[in-house]
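> One structure, as structure tokens, below. Some questions next.
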Amino acid sequence: MSAKTASQSSGSSAGAAPTDERKRKRMLSNRESARRSRVKKQRHLDELIKQAAELREENARIVARTDQLTARYLLVEPENRFLTAQVAELTARLQSMNSVLRFVKEFSGMEMDIPDVPDPLMKQWQFLCPVQPIMASADMFQ
72 MSAKTASQSS
82 GSSAGAAPTD
92 ERKRKRMLSN
102 RESARRSRVK
112 KQRHLDELIK
122 QAAELREENA
132 RIVARTDQLT
142 ARYLLVEPEN
152 RFLTAQVAEL
162 TARLQSMNSV
172 LRFVKEFSGM
182 EMDIPDVPDP
192 LMKQWQFLCP
202 VQPIMASADM
212 FQ
């Protein structure tokens with residue numbers, strides 16, 4: 072029996088060697104794969120950190136520019152309100168003068184060229200939306 076047991080043990084050890092070898096290779100392969108995965112993950116993390124730093128810098132530039140523009144707006148906004156009020160006042164005065172001239176023209180019979188005074192608040196819209204003729208014909212709707 073001992074010869075039989077020796078042959079079984081040598082047979083099982085011979086069968087175990089290729090299994091151990093495959094197991095060892097698989098472990099090495101898994102370790103290498105895990106190492107590659109960690110390196111890839113670290114590269115990705117480094118890239119994200121770099122991107123976050125760039126976005127922070129860009130955000131700081133945008134905030135600085137916004138602050139700069141807000142400061143400029145706060146400087147010119149009161150002047151703009153003053154000028155808008157001045158335009159409205161001068162327009163009212165001009166309309167008043169034109170009505171006096173129309174009165175004088177009517178009673179004196181004297182010929183005068185009195186231009187219409189445009190509404191200053193509507194004038195800005197005239198530039199944005201110019202009046203264009205609409206070409207239409209009766210045939211269009213049949």
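Under our numbering, residues 72 to 213 are what the sequence shown spells out, in order.
Heads up, the beta-carbon is just placed ideally off N, CA and C, and yes, glycines get one too.
In this text, all values refer to a predicted model and were calculated from it rather than measured experimentally.
#1: Say yes only if the C-beta of R173 is nearer than 8 Å to one or more non-hydrogen atoms of the ligand NAP, and no if none qualify.
#2: What's the gap between the Cα of S167 and the Cα of N130?
#3: Rounding to the nearest angstrom, what Cα-Cα distance links A286 and Y144 in this structure?
#4: Grouping DSSP H, G and I as helix and E and B as strand, with all else coil, what is V278?
#5: If you draw a straight line from the C-alpha of L154 to the C-alpha of I185, how long is it?
Well, looking at it:
#1: Judged by which ligands are present, the structure shown has none, so any question about the ligand NAP falls away.
#2: 53 Å
#3: The chain is shown from 72 up to 213; residue 286 falls before or after that span and cannot be answered.
#4: This structure does not reach residue 278, given that the chain is present from 72 up to 213, and the question cannot be answered.
#5: 25 Å
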